[in-house]
Amino acid sequence: MECFECGKDAVIYLPYTNKNLCKKHFVKMFEKRFRKTVREFNFIKKNDIVVVGLSGGKDSTVLLHLLASLRKDLPFKLKALTIDEGIKNYRPKTMKVAKKEAKKLNVPLTILSFKKEAGKTLDEIFKKKKELPCSYCGVIRRYLLNKGSKKLKATKLAIGHNLDDVAQTVLMNVMRNEPLRLVRYNEPLIQDKKFIPRIRPLMRTPEKEIAVYAMLKGIDITHIPCPYAEFAFRQDIRRVLNELEEKYPGNKFRIANSFISMQKWMKEGLKNEKFELDYCPQCKEPSSEGKCMYCSMMEKLG
Amino acid sequence: MLLILDDKKKKMDFKGTASQLLKKLKIRREEVVIKINDKLAPETTEVNGKDKVEIIKVVFGG
């Protein structure tokens, strides 16, 4: 198959544009889209301290590479933070990649572990609770990412959320009837110095293209699934969206674009509402009401 | 055609595009990348009897 742009051998087919692209033109398009997203949402300003939540999976590893390259044109500090959830046969492999890639790019890496910070690994939590490990993992990981970023004096926390994640998050929050979660996606309703703003520079990039980019650029990625992924609601949504995408190419882009448009209107509609922030009486971190999710979970786990 | 899927090798008779092969194997296109004769290739590529086709899962979750 020939590249739509130059006629050379194509490496990827983009169904949403019905075009085949070669390595050179795919990489060019991919990097341009990343930079355009950073500008569109004003994600990074000069002299920011950006901490990447680096799991060592393909999304965050590619994000680290793209941000490291962006520093040539925009001066900002780049650091990486890895959370070790304690998942046997999975996390040690991705952590090895995280350490290797951070070292290669000369980006300082900090590692926080569930075991040290929360007293239990995710494997131990699952053994004890035998229920929804992803809920525990999500809350504890977010808490530690925020805590770690603050310690590193971050002004932004960059995470590897891609287009697929955005489309999944939109559907999940609609299906769970949680519209406020959608409104605050990318930008919290209440600014607080204890919340490090999260940025998602890959939010307009399909997940599959991140894998292809990594392979073409020789970025080390692991092809192993999280053993707990099957328990997640997100996994069902992922499957449905990927089936729909085959029938209706461009579906994920349209969901994300609709969401971004609607979010502006929702924010406009809420501008006179007063949202108050509470602080957890135990850990003193911001909380929507009383004790935070993290402390409540820690209590449940005993 | 030599098919490699999940590190397992298998010989099979198939004629068509890589995309049609994925459909036959009930594999979602959005979750894999294809290598034909060790090179990344679009799913629109025709596969013939002498080809080595590797299907690599890249979308897992987690």
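Order-wise, the sequence lines are chains A and B.
Heads up: the first sequence at position 75 corresponds to 75 in the working numbering, and the numbers run straight through without jumps.
Quick note, the working numbering runs 1000 ahead of the 1-based positions in the second sequence.
Glycine residues also receive a C-beta, built at the ideal position from the N, C-alpha and C atoms.
Computed from a predicted structure; not experimentally measured.
- For the C-beta of Lys1015/B, not a single chain A residue is nearer than 9 Å; the gap to the nearest is close to 17 Å.
- Cys3/A and Leu1040/B have their C-alpha atoms some 13 Å from each other.
- The Cβ atoms of Thr205/A and Phe34/A lie closer than 8 Å to each other.
- Taking 8 Å as the threshold, the shortest C-beta distance from Leu1003/B to chain A does not fall below it.
- Comparing alpha-carbon positions, the option among Lys156/A, Ala167/A, Glu289/A and Lys300/A lying closest to Lys46/A turns out to be Lys156/A.
- If you look at Gly53/A, you'll find it in the beta strand (DSSP E) that goes Ile49 to Gly53.
- For His223/A, the neighbours in chain B by C-beta distance under 7 Å run, in chain order, Ile1056, Lys1057 and Val1058.
- Leu1022/B: member of the alpha helix (DSSP H) spanning Ala1018 to Lys1024, first to last residue.
- Using a Cβ-Cβ distance cut-off of 8 Å, the region 139-152 of chain A and the region 72-89 of chain A are in contact, since at least three pairs of beta carbons, one from each stretch, lie closer than that value.
- The shortest CA-to-CA distance from Arg184/A to any of Arg198/A, Val11/A and Leu163/A is the one to Arg198/A.
- Cβ neighbours of Gln282/A within its own chain (closer than 7 Å, five residues either side excluded): Lys291 and Cys295.
- Rounded to the nearest whole angstrom, the C-alpha separation of Ser288/A and Glu207/A is 31 Å.
- For Lys151/A, the CB contacts under 8 Å within the same chain, skipping 5 residues up- and downstream, are Thr110 in chain order.
- The three-state secondary structure of Glu2/A, taken from DSSP, is strand.
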